[in-house]
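Worksheet for the structure shown next.
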Ligand code: NAD
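In the working numbering, the protein residues as written are 44 to 543.
Set out below in C-alpha cells:
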C-alpha cells in the first residue's frame, strides 16, 4: 500500500503518531499484514481535538449557512461513488468480508451524505408560542466538537452514519476508528476535505480502545460522544460522558430474534433466515441470532435449513463467488469458538458446522463454519451473550404469545424479524417486540431516513433521519421583547407588571 494509507488525518494533513509508533492491520483471510497504520495515543487525540476546536471556534464550517454545507456533502458523495472499488478493496482486506458484500455496502454509504445534505438544506428554526408581547425563536446550532468511536464490522458505513449528520449540522469531529479496520475511515477524512470540507473539521486518529478511545471519551475538549461498539464499551463511554456532563449516543450489541410463522413457504423462510444470519459471517449487531419457528413447521424447516447452511460457499473474500469470508480477527474466532463450545458443554446439539475450518486456504485465516444449534435453553450462554459469528440457534414455539415471550427474553433489543403472510399478525407481533427495528418478511434493511437505535442494553439514542441531525445540534432560545412601553420592576408604584 502507498504511504498515505498509514497516517493520522489531522487538519487535512497526514501526520505520524507523536511518538512515531505504528501498528499492523492484519488481513483475516490470509494472516498477512494488510496495512501499517500510525498508532495514535493520548498526545495525538489532544492534537486532533485542538484542531477540531480551532475549526469550531474560528470557522467557517459551523457558521456557514446549512444550505452552503449541503453541496459540499453532495460532492463528497460523488467522490465516494467514484472510489467505490478502491474503498471496497480496503474494507475486504481489513475485515475479511466478501467483495460481494462490501462493494454493495460502500456504494450505499454515499446515500448518507446526500440525505443529510438535504436535511441541512431544509433546516428550519422555530418560533414558539410564548405568552406576552414577545417573539421567541429557537435556533438549532452545532453542538461543537464531537468524538466518534466506531467498530470494525461495517467500518465505513458506521463511520458515515455518524459523520454525515454531524457535519451537516455544522460540527467538527474527531473519529477514533476501530484498530481492526481503520484505513477506510482515514480515507473518508481525506475524501471529505477534498470535497471542500475545511481543514480541522474532520480528524481521524487510528489507535486502540484502551488508549486513543479512552483518551477521546474522557477529553474535556469534547462536547458530545457517539459510539458504536459493544455493550461493555458503551458503559465505559457513558460513564466518561457522564463525568464531563456531555451527551452520549451509543449504538451497541444485539441478539436479533427471527420469528417464522407456519404460513410462510419453507423456501422463503430458509432464504430469509440464512440472509439474516450469515451476511458478514454473522458479525453484525442485527444478525439473526435466534431463529424461532412455529412448531408445526419446525422439523421441515430445520431439514431445509441444514441443507442450505451447509452449502454456503465459504472462501477467499476477494473472489466474487464467495458468499462468506473469515471472522475479522483471531480474537473474534476465539470468542465464537468459546461460545459454541459452551453451548455443546451445556447440552445443546450442533446440527451443522460448529468448528473452525481447516485445510486448503483456510489454514492461515480465521474461518469458522456456518453453524446451526438446537436443543438450547434460555439460560445458556449461547442464548444470553452476543456471539457475533456465523451461528444461529433454533427453537420452536406454539403460538404468538410464546413467540413474543421468547423474542423478548433478552437483555438486547436492537433488531428483530417477523415472517408471516398474515398482514395483521405481522404488525401486531412486531409491535409487541421490544426492539428498535423490526422487519416484517425482511432483514438488514437500513436507510438514512429510517430511525436506528437500540432498546434495553442495545443502546442510547437513535441514528438516521432528521432526529439524528437534530441530536447533533443544541437549541438556543432567543426572546425578543416587543413591548412599546418601558418596564421597571422596582419602581415604587409597580404592581403585577408581567407574566414572568
Ligand atoms: P468494541 O466495543 O470492542 O469497539 C468499538 C470501538 O470502541 C473501537 O473503536 C474500540 O477501539 C473502542 N473502544 C474499546 N474499548 C474502549 C474504551 N474503554 N474506551 C473507549 N473506546 C473503546 O466493538 P467492536 O468489536 O469493534 O464491534 C462489535 C460490537 O459493536 C458488537 O457488540 C456489535 O453488536 C456492536 N455494533 C453495534 C451496532 C449498532 O448499530 N447498534 C453496529 C455495529 C456494531
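Glycine included, C-beta positions come from ideal geometry on N, C-alpha and C.
- Counting along the chain, the unbroken alpha helix (DSSP H) around residue 155 starts and ends at 142-164.
- Residue 513 carries a helical assignment under DSSP once its states are collapsed to helix, strand and coil.
- Within the DSSP bridge table, the entry for residue 395 names 415 as partners.
- Going by beta carbons, residue 176 and residue 526 fall inside the 8 Å limit.
- The Cβ atoms of residue 495 and residue 489 sit closer than 8 Å to each other.
- In this structure, residue 289 has its beta carbon at no less than 7 Å from each heavy atom of the ligand NAD.
- Secondary-structure assignment with DSSP links residue 499 through a beta bridge to 455.
- Contact check between the region 313-333 and the region 426-445: three or more CB pairs, one atom from each, fall below 8 Å, which counts as touching.
- If you look at residue 87, you'll find it in the alpha helix (DSSP H) that goes 85-101.
- Across the set 493, 302 and 486, the C-alpha of 302 shows the shortest separation from the C-alpha of residue 471.
- Scanning 337, 371, 369 and 180 for the CA closest to the CA of residue 524 turns up 180.
- For residue 277, there is no enclosing beta strand (DSSP E); the residue is part of the alpha helix (DSSP H) that begins and ends at 274-287.
- Between residue 248 and residue 63, the C-beta spacing is not below 8 Å.
- Shortest Cα-Cα distance from residue 152 to any of 293, 172, 200 and 184 involves 200.
- Per DSSP, the continuous alpha helix (DSSP H) segment holding residue 131 begins and ends at 127-138.
- With fewer than 16 other Cβ atoms from the protein chains shown falling within 10 Å of its own Cβ, residue 129 counts as exposed.
- Annotation: residue 79 is outside any alpha helix (DSSP H); the continuous beta strand (DSSP E) that includes it extends over 76-81.
- In this structure, the CA atom of residue 253 is about 11 Å from the CA atom of residue 222.
- Segment contact: the region 292-306 against the region 212-226, fewer than three CB-CB distances shorter than 8 Å; contact not assigned.
- Per DSSP, residue 236 is one residue of the alpha helix (DSSP H) stretching across 226-238.
- For residue 185, no alpha helix (DSSP H) encloses it; the enclosing beta strand (DSSP E) starts and ends at 177-185.
- Per DSSP, residue 300 is one residue of the beta strand (DSSP E) stretching across 299-303.
- Per DSSP, the beta-bridge partners of residue 367 are 357.
- According to DSSP, residue pairing for residue 460 in a beta bridge involves 301 and 482.
- Separation of residue 449 and residue 425 (C-alpha to C-alpha, rounded to the nearest whole angstrom) is 14 Å.
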